[in-house]
């Protein structure tokens, strides 16, 4: 599982009177991180390795990610674990998060241990680290690694929304939309889904599209619903692809230009493995085929295969 290094949206460098001062080690590690994001792994290692050797936690975590995923180096789970642990021992939240995920899913040679994962996530969440707030909230909501604690899960999700974590924002939107542990609040759910969808969370894009299509929490907007379904579908989310097909079938007069795309998306959904909720779409396009010419069907199958 690839880990996010929590990409910074902005790096502000205040130069002022210290224009020619030696950059801090943390700044140097950020520069290594930028090389990594740009795909220049050799430059990232060249910058990060001496910093990591000196114990700089951001650099240690970066090297951990590179050794875990084999980016610019031969994948080495043991070395990745060593780097993460050294950074985590200094309280660095991203490293603690990565260790927690490794325990949760039994990765990097570790035995799966939800209780240990939950303990580590609590440490990182205490620093207001968004991904850990969300991950811990999920475990508390589902009772993984310990008892269910819905009030604390809700509080952590609320905090994850406040710090801008997209996964936590999407999960809390789901809870508000379905009444899971909270009172249903469709307008707020819709607003939070929109925020998460803007950060390319595929299932949030799909769920936001559904709320737009059905007019849940606000007015119906088929044009925008189609756009968000598309965004989700092109990330490989089969449920959203099938939603485009169903929305066209229910609203063909309002969406006349979507006929060919609808069948393409249906064929694409048919080709996907079972979705997280068990949905499978084999044969689901068949009832609509009578509405298409053989040429249109062939073209749609070809387009779906290219997605």
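In our numbering, the protein residues as written are 17 to 323. Just so it is clear, CB atoms sit at the ideal spot from N, CA and C, and this is done for glycine as well.
Would you be able to state if there are at least three C-beta pairs under 8 Å between the stretch 62 to 69 and the stretch 106 to 122?
no
Nearest to residue 53 (by Cα), restricted to the options 79, 223, 322
79
In angstroms, rounded to a whole number, what distance separates the CA positions of residue 317 and residue 250?
16 Å
Pull up the distance between the alpha-carbon of residue 189 and that of residue 208, whole angstroms please.
5 Å
For a test of the three-state rule: what should DSSP assign to residue 39, helix, strand or coil?
coil
Grab the span of the alpha helix (DSSP H) containing residue 219 for me, first residue to last.
218 to 230
Give me the residue from 294, 269, 285 with the minimum Cα distance to residue 260.
285
Quick one: Cα of residue 299 to Cα of residue 218, how far?
24 Å
Can you tell which of 187, 127, 304, 122 has its C-alpha closest to the C-alpha of residue 171?
187
Is it buried or exposed, residue 241, if we count other Cβ atoms within 10 angstroms and call 16 or more buried?
buried
So within the stretch 238 to 305, which uninterrupted alpha helix (DSSP H) runs reach at least 4 residues, ignoring any that extend past its ends?
238 to 249, 254 to 266, 275 to 287
Provide the residue span of the alpha helix (DSSP H) that contains residue 311, from first to last.
310 to 322
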